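Order-wise, the sequence lines are chains C and E.
This note's numbering applies: residue 1 is where the first sequence begins, and numbers increase by one.
This note's numbering applies: residue 1 is where the second sequence begins, and numbers increase by one.
Step one of this worksheet: look at the structure below.
Number of protein chains: 2
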Amino acid sequence: MDLEAHVLAANDALAAVNRRRFAETGILAVNLMSSPGSGKTTLLERTVRDLAGELPVAVLEGDQETLVDAERIRAAGARAVQVNTGAGCHLDATMVARGVDVLVPEDGSVLFVENVGNLVCPALFDLGEAARVVVMSVTEGADKPLKYPHMFRTADLVVVNKIDLLPYVDFDVAACVANARRARPGVATIEVSATRGDGLEGWYAWLRALHARL
Amino acid sequence: MDLEAHVLAANDALAAVNRRRFAETGILAVNLMSSPGSGKTTLLERTVRDLAGELPVAVLEGDQETLVDAERIRAAGARAVQVNTGAGCHLDATMVARGVDVLVPEDGSVLFVENVGNLVCPALFDLGEAARVVVMSVTEGADKPLKYPHMFRTADLVVVNKIDLLPYVDFDVAACVANARRARPGVATIEVSATRGDGLEGWYAWLRALHARL
Numbered sequence: 001m002d003l004e005a006h007v008l009a010a011n012d013a014l015a016a017v018n019r020r021r022f023a024e025t026g027i028l029a030v031n032l033m034s035s036p037g038s039g040k041t042t043l044l045e046r047t048v049r050d051l052a053g054e055l056p057v058a059v060l061e062g063d064q065e066t067l068v069d070a071e072r073i074r075a076a077g078a079r080a081v082q083v084n085t086g087a088g089c090h091l092d093a094t095m096v097a098r099g100v101d102v103l104v105p106e107d108g109s110v111l112f113v114e115n116v117g118n119l120v121c122p123a124l125f126d127l128g129e130a131a132r133v134v135v136m137s138v139t140e141g142a143d144k145p146l147k148y149p150h151m152f153r154t155a156d157l158v159v160v161n162k163i164d165l166l167p168y169v170d171f172d173v174a175a176c177v178a179n180a181r182r183a184r185p186g187v188a189t190i191e192v193s194a195t196r197g198d199g200l201e202g203w204y205a206w207l208r209a210l211h212a213r214l
Numbered sequence: 001m002d003l004e005a006h007v008l009a010a011n012d013a014l015a016a017v018n019r020r021r022f023a024e025t026g027i028l029a030v031n032l033m034s035s036p037g038s039g040k041t042t043l044l045e046r047t048v049r050d051l052a053g054e055l056p057v058a059v060l061e062g063d064q065e066t067l068v069d070a071e072r073i074r075a076a077g078a079r080a081v082q083v084n085t086g087a088g089c090h091l092d093a094t095m096v097a098r099g100v101d102v103l104v105p106e107d108g109s110v111l112f113v114e115n116v117g118n119l120v121c122p123a124l125f126d127l128g129e130a131a132r133v134v135v136m137s138v139t140e141g142a143d144k145p146l147k148y149p150h151m152f153r154t155a156d157l158v159v160v161n162k163i164d165l166l167p168y169v170d171f172d173v174a175a176c177v178a179n180a181r182r183a184r185p186g187v188a189t190i191e192v193s194a195t196r197g198d199g200l201e202g203w204y205a206w207l208r209a210l211h212a213r214l
């Protein structure tokens with residue numbers, strides 16, 4: 001077994017432990033992945049506020065450095081813990097296990113794991129999540145699913161964000177959706193503007209359906 | 001020596017070979033790094049067209065998959081070769097050496113190496129370039145230099161792109177520049193719109209100055 005396979009096998013074993021723990025406590029763990037600056041944190045701030053009183057939400061924030069995202073989530077009203085990866089380019093199952101020990105999400109809650117902004121490395125690492133969401137913004141270009149196929153290949157949902165900017169950029173939503181489905185046939189897609197609020201009912205409906213299935 | 005240090009030391013040795021080769025042939029090698037979708041390829045298309053007849057330009061394109069970027073550069077009128085990294089998250093000095101063997105840039109030309117879109121991994125790998133340019137777009141948020149400090153720490157120039165979108169996004173250019181300079185004190189910054197053309201004279205002046213110094 002080569003080194004990469006060894007690292008991934010060790011991670012997969014720990015991810016299975018996380019997954020069991022989430023199942024036993026009724027926690028819906030969602031791994032959010034994207035390029036830097038696609039709007040994941042803004043989407044989560046809004047989600048925390050809009051689902052307050054309906055679903056308990058907790059957030060594990062991954063970044064190379066800074067605590068700003070966890071502070072933003074706490075200001076929106078949810079539990080949040082920041083995990084800094086230093087030179088690392090992704091979260092792994094161990095970091096998630098340790099973060100959850102500190103975060104202590106309520107039983108029955110939705111746990112969002114906001115991965116390090118990176119369309120490559122996070123794709124390889126199972127964290128024990130129930131679902132993988134890839135967020136991309138319309139400013140990134142519709143070709144991204146073709147250029148970063150590993151990331152899109154394991155997505156359970158593709159969220160196309162910042163549609164409020166569509167009038168000002170050259171972005172073909174239908175082409176982007178078609179490209180995402182070349183990587184992941186039939187994958188669900190939702191178009192939203194996390195800042196303006198368009199399309200968020202679809203996002204919440206998707207979350208509620210997954211949560212109800214636990 | 002741990003494995004990461006060993007890999008980086010081997011890469012650094014090959015990067016030194018590349019650097020000597022570029023010096024001997026009067027080639028200005030520029031390593032362009034950014035998030036996915038920041039507009040590197042659009043900036044290069046425009047640069048190829050605008051510098052035609054003044055400076056010979058060649059481009060080594062790095063992506064996980066697809067040949068689309070090299071095709072765009074060729075359509076703009078320059079030599080281009082695509083290097084696909086598969087599951088890999090960055091170019092290394094060996095890939096650049098092999099790519100240059102195929103590309104054969106003219107003596108005295110500007111060689112742009114467009115790295116894989118990723119604000120983490122490419123930062124660690126010297127390719128033998130004369131200068132490192134980090135491109136970021138105003139849609140990504142002004143906090144990115146704080147969250148990805150390794151990338152900005154080695155930048156010789158930060159290009160803030162898509163300023164045509166400033167009226168539609170919440171982005172503070174001065175804060176972004178200040179954040180970049182916390183990572184890299186005194187780093188030069190240029191604000192441009194690669195699609196509309198704003199600020200490109202500053203970019204070309206920076207390139208000409210480096211090229212004249214060879």
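Beta carbons: idealized from backbone N, C-alpha and C, even for Gly.
Because the structure is a prediction, the values reported are computed rather than measured.
As the crow flies, the alpha-carbon of residue 141 of chain C is around 16 Å from that of residue 181 of chain C. By the C-beta density criterion, residue 6 of chain E is exposed, having fewer than 16 other C-beta atoms within 10 angstroms.
Taking a contact as a CB-CB distance under 8 Å, the pair residue 66 of chain E and residue 57 of chain E does not count as one, their CB atoms being some 21 Å apart. With fewer than 16 other beta carbons inside 10 angstroms of its own, residue 54 of chain E counts as exposed. Not a single C-beta of chain E is nearer than 8 Å to the C-beta of residue 6 of chain C. Identification of chain E residues near residue 35 of chain C by a Cβ-Cβ cut-off of 9 Å yields 35, 36, 37, 38, 117, 118, 119 and 140, ordered along the chain.
For residue 143 of chain E, the nearest beta carbon of chain C is closer than 8 Å to its own beta carbon.
Residue 79 of chain E and residue 50 of chain E have their C-alpha atoms roughly 15 Å apart. Contact of residue 149 of chain C with chain E is assigned, a C-beta pair being separated by under 8 Å. Taken through DSSP and simplified to helix, strand or coil, residue 86 of chain E comes out as coil.
Using beta-carbon distances, residue 65 of chain E counts as an interface residue toward chain C, with a partner under 8 Å. Taking a beta-carbon distance threshold of 8 Å, residue 68 of chain E counts as an interface residue toward chain C. Around the CB of residue 4 of chain E, fewer than 16 other CB atoms lie within 10 Å, so the residue is classed as exposed. When C-alpha distances from residue 156 of chain C are compared across C:203, C:193, C:87 and C:171, the shortest belongs to C:203. By DSSP's assignment, residue 65 of chain C forms no beta bridge with any residue.
Around the C-beta of residue 71 of chain C, fewer than 16 other C-beta atoms lie within 10 Å, and the residue is accordingly described as exposed.
For residue 214 of chain C, the closest C-alpha among the options C:12, C:26, C:120 and C:15 is that of C:26. Excluding its 5 nearest sequence neighbours in each direction, residue 145 of chain C has C-beta neighbours in its own chain below 6 Å: 152, 179, 180 and 183, listed in chain order. Chain C has a Cβ within less than 8 Å of the Cβ of residue 146 of chain E.
The beta carbon of residue 211 of chain C sits closer than 8 Å to those of 28, 55 and 110, all from its chain and outside the five residues before and after it, given in chain order.
Excluding five sequence positions before and after residue 39 of chain E, the CB atoms of its chain that fall closer than 7 Å to its own CB belong to 135, 137, 161, 162 and 194, given in chain order. Across the structure, residue 63 of chain E and residue 176 of chain C are spaced so that their CA atoms are roughly 18 Å apart. Cβ-Cβ distances below 7 Å link residue 139 of chain C to 162, 165 and 169 in the same chain, with the five nearest sequence neighbours on each side left out; the list follows chain order. Per DSSP, the continuous alpha helix (DSSP H) segment holding residue 24 of chain C begins and ends at 3 to 24. Here residue 192 of chain C is not near residue 130 of chain C, since their CB atoms are 8 Å or more apart.
Listed in chain order, the beta strand (DSSP E) runs fully inside the segment 155 to 192 of chain C are 157 to 161 and 188 to 191, counting runs of at least 3 residues. Secondary structure note for residue 114 of chain E: its beta strand (DSSP E) is the uninterrupted segment 110 to 114. Taking CB atoms only, residue 44 of chain C has no neighbour in chain E less than 8 Å away. Under DSSP, residue 31 of chain C takes part in a beta bridge, and its partners are C:113 and C:132. The segment 93 to 103 of chain C and the segment 101 to 118 of chain E do not touch, with fewer than three beta-carbon pairs separated by less than 8 Å. If you look at residue 105 of chain C, you'll find it isn't in any alpha helix (DSSP H); DSSP assigns it neither H nor E. Between residue 128 of chain C and residue 96 of chain C, the CB-CB gap stays under 8 Å. Residue range 200 to 212 is occupied by the alpha helix (DSSP H) that includes residue 212 of chain E. Any Cβ of chain E closer than 8 Å to the Cβ of residue 109 of chain C would place that residue at the interface, and such an atom is absent. Taking the C-beta atoms as reference points, residue 32 of chain E is found nearer than 8 Å to residue 133 of chain E. Residue 45 of chain C has its alpha-carbon roughly 6 Å from the corresponding atom of residue 73 of chain C.
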